[in-house]
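*Asks:*
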Amino acid sequence: MEEGKEEVKSFNDLGVCEQLVEACDNLGWKHPSKIQAEAIPHALEGKDLIGLAQTGSGKTGAFALPILQALLETPQAFFACVLSPTRELAIQIAEQFEALGSGIGVKCAVLVGGVDHMQQSIALGKRPHIVVATPGRLSDHLSNTKGFSLRTLKYLVLDEADRLLNDDFEKAIDEILEVIPRERKTYLFSATMTKKVRKLQRACLRNPVKIEAASKYSTVDTLKQQYLFVPDKYKDCYLVYILTEMSGSTSMVFTRTCDSTRLLALMLRNLGLRAIPISGHMTQAKRFGALNQFKAGECNILVCTDVASRGLDIPSVDMVINYNVPSNSKDYIHRVGRTARAGRTGVAISVVNQYELEWYIQIEKLIGKKLPKFPAHEEEVLLLLERVSEAKRISQMKIKEPGGKRNRKGGDDDGEEEIGRYLNGKSSKKSKKH
Ligand code: AMP
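When you line the sequence shown up against my numbering, it's residues 7 to 440, in that order.
Below, the structure written as structure tokens:
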């Protein structure tokens, strides 16, 4: 990451051992990111840490490297446990541990909901060094999986702690804290510092060193932020206009509800755009499927709810569009953190209607600046109106059809099947070619 304009340090300078410097090198990490440069020396001294850092700052490396270095010194099973609020983030964290630890034979297990218990118990039976888990599933295994305990744990990481607490994981976290040793190192990472995070910090950490990778709620300099004020009835039109103006870019389009991710993705595909939805209503397998299609470039527009705005390690998103302005301004920071990562440039455009103006004003207050308008020519935008309205109408009809309803057993169809059926392979074939 090219954050250090002042004095560029190397991983070596931070005290990282040869084997791990080599692992960083293999991943193309030439210099430590800011959070890594600040956190790693304290961590190697054995301090507890609180890191205020966003996804994209390199925070996973900031905790994974010191843990792996300590593991090299005293290898043991169930050495560290990382708690994450989402399954996707848990998997990405484990992937980074595995990538950094591949030369030293590190074994990881991922314990997340929506995946077979038995498979996970077998993985635990292999006595991994690192367990990455969502709190509910970990607590479940601690109570029900014979022979599994974290009594010898040396490191606990709470990643995205603000989110861990918002999502009502508190009970599970309390249960976990009761059965792990008090004598351990604890690292807490969070994008924002809330009252609950402070409470958790007091409960779990000892004299922690506090590190901030960015000043409070700031967005990175390489991010170009813009807004558009539009009447609600033309919102879809403006969205399509922006996406076509910026065609060739990879985009994440944020909506408020799971249902609207499906509807919008269907509408966009109907207009020939390569969009795919991802939301909390989809099964684990479908979420991965969607994410992989997006990562592989088969689709270049990911239509998502805030579930997808946190943690997901999606490289090089060029643009974030807020199709709905978030009512909680901190969500704005998380969403736009999906672009302009690791020193790259990015664009974030918020499409604001008459009902969302208040929320938008709150966002400008939080980031402390007035944003410029996205340049759009209304006459050109409205030329799209008829096609967009028709595409939306057809998509709404399709979703209402019995086969297109969210589904049978309480809710898991992301609209992909119906998209495929509806387009008769037309647009999906097209999308595969790219
Ligand atoms: P994170 O904030 O931990 O989710 O990391 C975001 C992305 O930055 C991941 O794809 C990492 O592989 C990458 N990354 C982490 N540290 C570095 C580094 N020092 N140099 C370059 N890329 C990095």
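All C-beta atoms, glycine included, are put in the ideal place defined by N, C-alpha and C.
Could you tell me the boundaries of the beta strand (DSSP E) in which glutamine 402 lies?
*Replies:* Counting along the chain, glutamine 402 falls outside any beta strand (DSSP E), though it belongs to the alpha helix (DSSP H) covering 391-406.
*Asks:* Tell me whether the beta-carbon of leucine 50 lies closer than 8 Å to the beta-carbon of glutamine 82.
*Replies:* Result no, Cβ atoms of leucine 50 and glutamine 82 do not sit closer than 8 Å.
*Asks:* Name the residue from Leu164, Gly352 and Lys336 whose alpha carbon lies nearest to the alpha carbon of leucine 229.
*Replies:* That would be Gly352, whose Cα lies nearest to the Cα of leucine 229.
*Asks:* Enumerate in chain order the residues of its own chain whose CB-to-CB distance from glycine 417 is below 7 Å, with the five nearest sequence positions on each side excluded.
*Replies:* Interpretation of glycine 417 is limited by its pLDDT of 39, a score under 50 that renders its predicted location unreliable; the figure taken from the coordinates is listed afterwards. Excluding positions up to five away in sequence, the list reads His287.
*Asks:* Provide the residue span of the alpha helix (DSSP H) that contains phenylalanine 69, from first to last.
*Replies:* 65-79 is the extent of the alpha helix (DSSP H) around phenylalanine 69.
*Asks:* Answer yes or no: does any C-beta atom of chain B fall closer than 8 Å to that of glutamate 24?
*Replies:* The structure shown contains no chain B; it is built from a single protein chain.
*Asks:* Does any heavy atom of the ligand AMP sit closer than 7 Å to the C-beta of leucine 71?
*Replies:* No, the beta carbon of leucine 71 sits no closer than 7 Å to any heavy atom of the ligand AMP.
*Asks:* Alpha helix (DSSP H) containing leucine 33: first to last residue?
*Replies:* Run containing leucine 33: none; DSSP gives neither H nor E here.
*Asks:* Is the stretch 83-97 in contact with the stretch 126-141, if contact means three or more CB pairs nearer than 8 Å?
*Replies:* With a cut-off of 8 Å, the stretch 126-141 and the stretch 83-97 count as touching, because enough Cβ pairs lie within range.
*Asks:* Which first and last residues belong to the beta strand (DSSP E) in which valine 22 is found?
*Replies:* Premise fails: valine 22 is in no beta strand (DSSP E) and is neither H nor E.
*Asks:* In whole angstroms, give me the CA-to-CA distance for serine 149 and lysine 36.
*Replies:* For serine 149 and lysine 36, the distance between alpha carbons rounds to 42 Å.
*Asks:* For valine 357, count neighbouring Cβ atoms within 10 angstroms of its own Cβ and tell me buried if that reaches 16, exposed if not.
*Replies:* Buried.
*Asks:* Taking its Cβ as the centre, do 16 or more other Cβ atoms sit within 10 Å of tyrosine 1, making it buried, or is it exposed?
*Replies:* This structure gives no information on residue 1, because the portion of the chain shown stretches from 7 to 440.
*Asks:* Does the Cβ-Cβ distance between leucine 170 and proline 141 come in under 8 Å?
*Replies:* Yes, Cβ-Cβ distance for leucine 170 and proline 141 is below 8 Å.
*Asks:* Start and end of the beta strand (DSSP E) containing phenylalanine 195?
*Replies:* Its beta strand (DSSP E) spans residues 191-196.
*Asks:* Within the stretch 295-354, note down every full beta strand (DSSP E) run reaching 3 residues or more, in order along the chain.
*Replies:* Here the runs fully enclosed are 307-310 and 325-328.
*Asks:* With a 10 Å radius around its C-beta and 16 neighbouring C-beta atoms as the bar for buried, classify leucine 297 as buried or exposed.
*Replies:* Buried.
*Asks:* Is isoleucine 327 closer than 8 Å to glutamine 232 when the C-beta atoms are compared?
*Replies:* No; because the gap between Cβ atoms is not below 8 Å, this pair is not in contact.
*Asks:* Quick one: using the 10 Å Cβ neighbour count with 16 as the cut-off for buried, is threonine 263 buried or exposed?
*Replies:* Threonine 263 is exposed by the Cβ-count criterion.
*Asks:* DSSP beta-bridge partners for cysteine 114?
*Replies:* Bridge partners of cysteine 114: Ile136.
*Asks:* Just checking my contact of glutamine 360 with aspartate 238 at CB under 8 Å: how many whole Å lie between their CB atoms?
*Replies:* Contact holds; Cβ gap of about 6 Å.
*Asks:* Count Cβ pairs between the stretch 197-212 and the stretch 52-63 that sit closer than 8 Å; are there 3 or more?
*Replies:* These segments touch.
*Asks:* List the endpoints of the continuous alpha helix (DSSP H) containing tyrosine 361.
*Replies:* No alpha helix (DSSP H) holds tyrosine 361; DSSP gives it neither H nor E.
*Asks:* Does the stretch 102-119 come close enough to the stretch 175-183 that 3 or more CB-CB pairs lie under 8 Å?
*Replies:* No, because fewer than three Cβ pairs between the stretch 175-183 and the stretch 102-119 fall closer than 8 Å, the two stretches do not touch.
*Asks:* Determine which residues share a DSSP beta bridge with serine 87 and list them.
*Replies:* Correcting the residue type first, residue 87 is cysteine in the shown sequence and not serine. In DSSP, cysteine 87 forms a bridge with Val137 and Leu162.
*Asks:* According to the neighbour-count rule (16 or more other Cβ atoms, all chains shown, within 10 Å of its Cβ), is isoleucine 72 buried or exposed?
*Replies:* In the sequence under discussion, the amino acid at residue 72 is proline, which differs from the isoleucine named in the question. Under this definition proline 72 is a buried residue.
*Asks:* Suppose contacts are defined by Cβ-Cβ distances below 8 Å. Is asparagine 306 in contact with threonine 261 by that definition?
*Replies:* Contact flag unset, no.
*Asks:* Any heavy atom of the ligand AMP closer than 7 Å to the beta-carbon of serine 108?
*Replies:* No, the Cβ of serine 108 stays beyond 7 Å of every heavy atom of the ligand AMP.
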